[in-house]
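Chains H and X, in that order, give the protein sequences. Residues 531 to 864 (our numbering) are what the first sequence spells out, left to right. Residues 432 to 755 (our numbering) are what the second sequence spells out, left to right. Cβ coordinates follow ideal geometry from the N, Cα and C atoms, glycine included. Comments concern the structure below.
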Amino acid sequence: MTTAGYIGRRLLQIVPVLWFVVTVTFVLINSIPGDPVRILVGPSADAAAIEAARVQYGLDQPLYVRYVKYLAAIATGDFGTSIHYGGVPVTAKILERLPVTLLLLVSSFTLAIGTAIPLGVFAAKNRNNRYDHLARITSLVGVSTPSFWVGLLLIIVFAYYTNLLPPSGLVMPWAPPGSVEGATSRLDVLATSASHLILPSITLGTLQMAAITRIERSSMLEVLNKDYVQLARAYGISERTILRKQAFKNAQLPVLTVIGIQITTALGGAVLTETVFNINGMGNLIITAVRAQDYQLIMGTTIFFAIMFVLGVLVVDVLYAVIDPRISYGGADE
Amino acid sequence: MSDSTVPAGESTRVGSSTEERTAVSRSAQAFRQLKRNSASRAGLYVIGIVTLVALLTTIDADIFDYQFAATFWYHPENDPSGGEILLPPIGIENEFGAGNWAHPLGTDHRGRDILVRLVYGTRIAVQVGLLATGIGMTLGTVIGAVSGYYGGWVDDVLQRFVESLYAIPFLILVIAIMSAFGRELGIAIVGVSITTIPVFTRLIRSQVLSVREMEYVEAAKAAGVRDRHIIFRHIIPNSLAPVLVQSTLQVGVNILIVASLSFLGFGVQPPTPSWGQMLAQSRQYMIVNPWFSIWPGIAILVTVIGFNMLGDGLRDAIDPRSND
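Now the structure itself:
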């Protein structure tokens, strides 16, 4: 089977998982005590208005009918309308916020992987000396620190105390220059965007960085103790070449597994990071939805978070298969 | 523990070979290794102190309605009359005044003593961390053991269920649960324990798959022992070591999740102090009194590090190869 076939098959496997997610969310939201219609129309509405709204939102129908209708609707990409945002389609609201969160996730993962892998390799190479201890302590502290607190500290130091970086908001790098304050060219927009992105990315990336450093270090150490590496050493191959040619690639599989696990943590972390930095992404959207008791919006955002997660894991799985030739795509022609 | 350590250790030296004795001596060796590891010892001390504080504050809060704190210190929930707001810690000055010994870590936006609130915030963190982990571990272990032992369609159904729980990022899942059932602490505990289940299901299932094939399990089956007895008396006890390690680490993770939830406004509601909620309140005052934002984070960090150090130490003690 080809890589494309493998990806296609994995995409199909996602369908039942998403169906389950939708069902869980639907059941959860519909078990909310109280009358959602009353919240929709406000406390001052009379009985006729309540009844009218009930029919308008289809809430007069039995639960299973609403469930089937909801499934049918979201299959066509219709997640209903948001009450809080004055009847805007949920899908439109989500698509408006999604790029913000994706930008944040990609930049924090880039930062985390980019620092963690060299740090882990370096620590493994210098096992038990002071740099190794430093790396171990850093990663222990990193996995034990609440990410939102890191954000608050960064704001205090870099925004309020030294005034180097902005404390809130996020500018998209592809925003038109006219819409960004003080920007006249694309370059200005990019610079503003980068300066807004630094603190949130560190905030969101700290935990990932620490977790990846730990696994990179222990995985490298394990590989460096393998017989074939010892043999290479006995042949007089330099430690540098061994690291580059023999050890590194083989040590990356457990690292990928941990990166996959970190995706779920990162999505939760995005909610916190967006709250700390007042960034209008998916995380802020779901919190707003919950506070406003906007049920359609809660369901839509929850399902989209699940979609992001499942697709993220798929990417990791494909990379896994690319790195490790022993893992087949499940075809018979292996 | 120390009583049984000595003879068990000696029995290894004489070279006892019975199954039970080696098992005891292995755990004794693990315990000795744990005591030698200074990091895990430090972790044990931190956990001991934090748990003791949580216990004492819970007694004071739930039984005596903060009378002890109010008499000897400050009331953690109420504003002191004429209390100075947003004071910095000792030795530092800000626009609201200079730090003094009456409030060693300063005061919050309502003039409440930060140290007292931090100390009383411990009970929420420890309660929820331990309870949620305990419930999640128990359910996860039973589901995983049943799933791995029976295999077949039971395994398939349970695995699909657990995998799907994994598909919703855990913070989002807890938020969805709390938006449906309420933002109280009890719901937070249930929510966090549900997100903990899959961790243990996966772990124990892989253990059970290897234990299931062991000769003593086969012997028990041949002798006509019931499945339930085999699962609870043989399979689960023999798979517990990694569960112990994972639950220690998981308490740390769950304390972080609960703090995150309080930070977002879910969980214990004001005026009851919790660390995450203190951090949320401090956000508005970061310019005038940054210390208000610093202390609760340190409390979380120290507590979680304690559980992580003990968990790492336990893992090294049980499986020395994982050390490095």
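Under the Cβ distance rule, X/Pro-520 does not count among the residues neighbouring chain H, no pair being separated by less than 8 Å. Residue contact check for X/Arg-714 against chain H: a CB pair falls below 8 Å. Taking all protein chains in view, the Cβ of H/Glu-804 is crowded by 16 or more other Cβ atoms within 10 Å, so the residue is classified as buried. Interface annotation, X/Ala-607: in contact with chain H, CB-CB separation under 8 Å. Interface flag for H/Val-820 against chain X is set, since a Cβ pair is found closer than 8 Å.
Residue contact check for H/Tyr-600 against chain X: no CB pair falls below 8 Å.
Under DSSP, X/Glu-524 forms a beta bridge with X/Ala-529. If you draw a straight line from the Cα of X/Ile-688 to the Cα of X/Arg-714, it comes to about 19 Å. Only exposed fits X/Met-645, as fewer than 16 other CB atoms lie within 10 angstroms of its CB.
Contact check for H/Val-719 against H/Pro-707 passes: the beta carbons are separated by less than 8 Å. The way I'd put it, the stretch 587-605 of chain X does touch the stretch 785-804 of chain H; three or more beta-carbon pairs between them come closer than 8 Å. Assigned with DSSP and collapsed to three states, H/Val-701 falls in coil, not helix or strand.
When secondary structure is reduced to three states using DSSP, X/Thr-626 falls in the helix class. For a cut-off of 8 Å, the C-beta gap from H/His-614 to H/Ala-836 is around 21 Å, too long to register as a contact. Here H/Val-618 is bridged, per DSSP, to H/Ser-612. For H/Thr-743, the enclosing alpha helix (DSSP H) starts and ends at 716-754. Residues of chain X whose Cβ lies closer than 9 Å to the Cβ of H/Leu-670 are, in chain order, Ala-470, Ile-736, Asn-739, Met-740 and Asp-743. In the three-state scheme derived from DSSP, where H, G and I count as helix and E and B as strand, H/Thr-668 is classed as helix. The alpha helix (DSSP H) runs lying completely inside the stretch 742-819 of chain H and spanning 4 residues or more are 757-764 and 782-806, given in chain order. Of the residues X/Leu-710, X/Val-719 and X/Ile-718, the one whose Cα lies closest to the Cα of X/Leu-732 is X/Leu-710.
Residue pairing by DSSP places H/Thr-631 in no beta bridge whatsoever. For X/Asp-747, DSSP records no beta bridge to any residue. The Cβ of X/Ser-705 sits no closer than 8 Å to any Cβ of chain H. The C-beta separation of X/Thr-489 from X/Arg-554 comes to about 5 Å, placing the pair in contact by the 8 Å criterion. Between X/Pro-520 and X/Trp-722, the C-beta spacing is below 8 Å.
Beta-bridge partners of H/Thr-533 (DSSP): none assigned. Here X/Ile-618 really is in contact with X/Ile-608; their C-beta atoms are around 7 Å apart, less than 8 Å. At a cut-off of 8 Å, the C-beta of X/Ile-749 has no neighbouring C-beta in chain H. Between the C-alpha atoms of H/Phe-688 and H/Ser-725 there is a straight-line separation of about 11 Å. For H/Thr-640, the three-state secondary structure derived from DSSP is helix.
Bridge pairing for X/Asp-544: X/Thr-538 [DSSP]. A distance below 8 Å between beta-carbons, with the five flanking residues on each side excluded, links H/Ala-800 to the following residues of its chain, in chain order: Thr-631, Leu-634, Leu-635, Leu-734, Gly-811, Met-812 and Gly-813.
Comparing alpha carbon positions, the residue from H/Ala-762, H/Leu-783 and H/Val-785 closest to H/Lys-775 is H/Ala-762.
Contact of H/Val-840 with chain X by beta-carbon distance below 8 Å involves Ala-598. The straight-line gap separating the alpha-carbon atoms of H/Gly-644 and H/Thr-743 is approximately 10 Å.
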